[in-house]
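Asks: 806 is the number that our numbering gives to position 166 of the sequence shown; each next residue is one higher, with no gaps.
Glycine residues also receive a C-beta, built at the ideal position from the N, C-alpha and C atoms.
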Amino acid sequence: MTSKRNLVGLAWPALTDFFLELGQPEYRAKQLMEWIYQHNVGDFSQMSNFPKELRQKLEETAVVGAGEVVARQVAADGTTKLAIAFSEDRIVECVILRYHYGVTLCLSSQVGCKMGCAFCASGLGGFVDNLTTAEIIEQIWQANQELAAQGLRVGHLVYMGMGEPLDNYPQVIESIRFANNPATFNIGMRNITVSTSGVVPGIRQLAEENLPLTLSISLHAPLDYLRDQIMPINQRYPLTELMLAVRDYARTSRRRVTFEYILLAGFNDQLIHAEKLASLLAGIIANVNVIPYNEVPGLPWQAPSDKQIRFFLRALEARGVTATLRRELGPEIEAACGQLRRRLQGEE
Ligand code: SF4
């Protein structure tokens, strides 16, 4: 830990105040933002348009980035998981995914999670804390540091890592606006996805923001009695209430809503489930991401067979549902979110 001021994620007014306190003109804030977010430079000694005395002063008083990458796992396809420690008990994960259209970063919004989904490694250790806006933003900064050598940078964000984004609403929204700012990462709103386990008031609040981002619902079961078993939030906001909020969101935003559906062998992968899912989504412009489960040590769930996965997809398609098969990351990088953090903290 350092007592120096962390400049990553610092909003414009705070950054200009910081430079004014150092006796510097406001435009230094703009220059610094260009170095950090556009040139991906965090070393003050390389900031060549700053006078030498200012560079020294910055080295004494400030840092670019408060976290440290404490573990890194790289899969054969280049997918990279980073564990970033902001302190001993404040470790988060983010995942860099490479697609033909660019680089996507899957971000964490909390340390741990309150939602307690039965299939998830992140919820196993319980909830620790909300991430600050700066800590969310720093995941993008650290990912860009990783990518710099290949001339790449993050172009898409999915808030689908550790934590429930809508349970940390103010920081998540602030981080989205920050990342979207042309003076920072300039990531288009349409390239940003917010995923929720079904926090209905948060979905309604998000609709009022009127941002052209993508809402993603972690559905995982099309019937209340099943969803109750794996997602405790369903007892608070059952499917009728959730789908009402989703329909309102889809109508006001005019955006396609995506639904995540993890296939758990023998639990939610049968014909009846495909039928119920199709009727639940009727009339919504939707895409279902079907994700075969990635087994987590200590949890009882299993992945379905390839045959059952194909059967489920065909059953959805036959009922007019647009569905995409999403393979989660291979076990070689402890794919389920929260697994790497748990291992680092000796919880697994
Ligand atoms: S699946 Fe998401 S919402 Fe559910 S416990 Fe895991 S991190 Fe939290």
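1) Give the straight-line distance between the Cα atoms of Phe-759 and Phe-952, rounded to the nearest whole angstrom.
2) Short check: CB of Ala-819 to CB of Ile-780, under 8 Å?
3) For Phe-907, name the three-state secondary structure that DSSP assigns.
4) Do you know offhand how far Phe-899's Cα is from Met-687's?
5) Hey, how far is the Cα of Glu-987 from the Cα of Gly-765?
6) With a threshold of 7 Å, establish whether the CB of Met-802 neighbours any heavy atom of the ligand SF4.
7) Between the beta-carbon of Ala-706 and the beta-carbon of Asn-784, is there less than 8 Å?
8) What residue from Tyr-799, Ile-925, Ile-873 and Ser-945 has the CA that sits closest to Ile-777's CA?
9) Does any heavy atom of the ligand SF4 sit closer than 7 Å to the C-beta of Gly-756?
10) Tell me whether Glu-987 sits in a helix, a strand or coil according to DSSP, three-state version.
11) Just grab the DSSP bridge partners of Cys-734 for me.
12) Using DSSP with H/G/I as helix, E/B as strand and the rest coil, what is Pro-940?
13) Should Tyr-889 go down as buried or exposed, given a rule of 16 or more other Cβ atoms within 10 Å for buried?
14) Report the rounded CA-to-CA distance for Val-936 versus Phe-767, giving the unit in angstroms.
15) Please report the distance separating the alpha-carbon of Pro-852 from that of Met-829.
16) Let me know if Gln-696 comes out buried or exposed under the rule of 16 or more other beta-carbons within 10 Å of its beta-carbon.
17) Across the stretch 677-685 and the stretch 729-742, are there enough close Cβ pairs to call them in contact, namely three or more that are closer than 8 Å?
18) Does any heavy atom of the ligand SF4 sit closer than 7 Å to the C-beta of Ser-837?
19) Could you pull out every residue in the same chain whose Cβ sits closer than 7 Å to the Cβ of Pro-805, ignoring the five residues on either side in sequence?
20) Hey, would you say Thr-797 sits closer than 8 Å to Val-743, going by beta carbons?
21) Give me the Cα-Cα distance between Lys-644 and Ala-702, rounded to the nearest whole angstrom.
22) I'd like the list of long-range same chain contacts for Met-802, defined as Cβ closer than 8 Å, with 5 residues on each side in sequence excluded.
23) What's the C-alpha gap between Ile-925 and Asp-868?
24) Does Val-840 pass the burial test, meaning 16 or more other C-beta atoms within 10 Å, or should it be called exposed?
25) For a test of your reading of the model: does the CB of Cys-760 fall under 7 Å from any non-hydrogen atom of the ligand SF4? Yes or no.
26) The ligand NAD and Cys-734: does the residue's C-beta get closer than 7 Å to at least one heavy atom of that ligand?
27) Given Gln-942, which residues of its chain have a CB within under 6 Å of its CB, disregarding the five upstream and five downstream residues?
28) Report yes if the C-beta distance between Tyr-809 and Gly-842 is below 8 Å; otherwise report no.
29) Just tell me which of Ile-816, Glu-700 and Tyr-865 has its CA closest to the CA of Glu-849.
30) Does Val-897 come out as helix, strand or coil in the three-state DSSP assignment?
31) Identify, in the order they occur along the chain, each residue of the same chain with its Cβ nearer than 7 Å to the Cβ of Glu-623, setting aside the five sequence neighbours on each side.
32) Taking its Cβ as the centre, do 16 or more other Cβ atoms sit within 10 Å of Leu-660, making it buried, or is it exposed?
33) Using a Cβ-based criterion (distance less than 7 Å to any ligand heavy atom), does Ser-858 qualify as near the ligand SF4?
34) My guess is that His-860 and Asn-908 are in contact by the Cβ rule of under 8 Å, so how many angstroms apart are they, rounded?
Replies: Looking at the atomic coordinates:
1) For Phe-759 and Phe-952, the distance between alpha carbons rounds to 19 Å.
2) yes
3) coil
4) The straight-line gap from Cα to Cα measures roughly 44 Å.
5) Here the model assigns Glu-987 a pLDDT of 48, short of 50, so the residue's position is not dependable, and the following value carries that caveat. Rounded to whole angstroms, Glu-987 to Gly-765 spans 7 Å at the Cα level.
6) yes
7) no
8) Tyr-799
9) Checking every heavy atom of the ligand SF4 against the Cβ of Gly-756, one is found closer than 7 Å.
10) The predicted position of Glu-987 is uncertain, since its pLDDT is 48 and thus under 50; a value taken from the coordinates is nonetheless stated next. Coil.
11) Per DSSP, Leu-722.
12) Coil at Pro-940, not helix or strand.
13) The residue in question, Tyr-889, is buried, as its Cβ has 16 or more Cβ neighbours within 10 Å.
14) 18 Å
15) Roughly 6 Å between the two C-alpha positions.
16) exposed
17) no
18) yes
19) Ser-749, Tyr-799, Val-812, Val-834, Ser-835 and Thr-836
20) Per the sequence presented here, residue 797 reads as Leu, with Thr not at that position. Not closer than 8 Å, so no.
21) 5 Å
22) Val-732, Glu-733, Ser-748, Ser-749, Gln-750, Val-751, Gly-752, Cys-753, Ser-762, Cys-977, Gly-978 and Arg-981
23) Taking the straight line from one Cα to the other gives about 25 Å.
24) buried
25) yes
26) No copy of the ligand NAD appears in this structure; the ligands present are the ligand SF4.
27) The residues Ala-905, in chain order, have a CB closer than 6 Å to that of Gln-942 in the same chain once the five nearest residues on each side in sequence are set aside.
28) For Tyr-809 and Gly-842, yes; Cβs fall inside 8 Å.
29) Ranking Ile-816, Glu-700 and Tyr-865 by Cα distance to Glu-849 puts Ile-816 first.
30) strand
31) What is shown of the chain runs 641 to 988, which leaves residue 623 out entirely.
32) exposed
33) yes
34) Contact check for His-860 and Asn-908: beta-carbon distance about 7 Å, within the 8 Å limit, so the pair qualifies.
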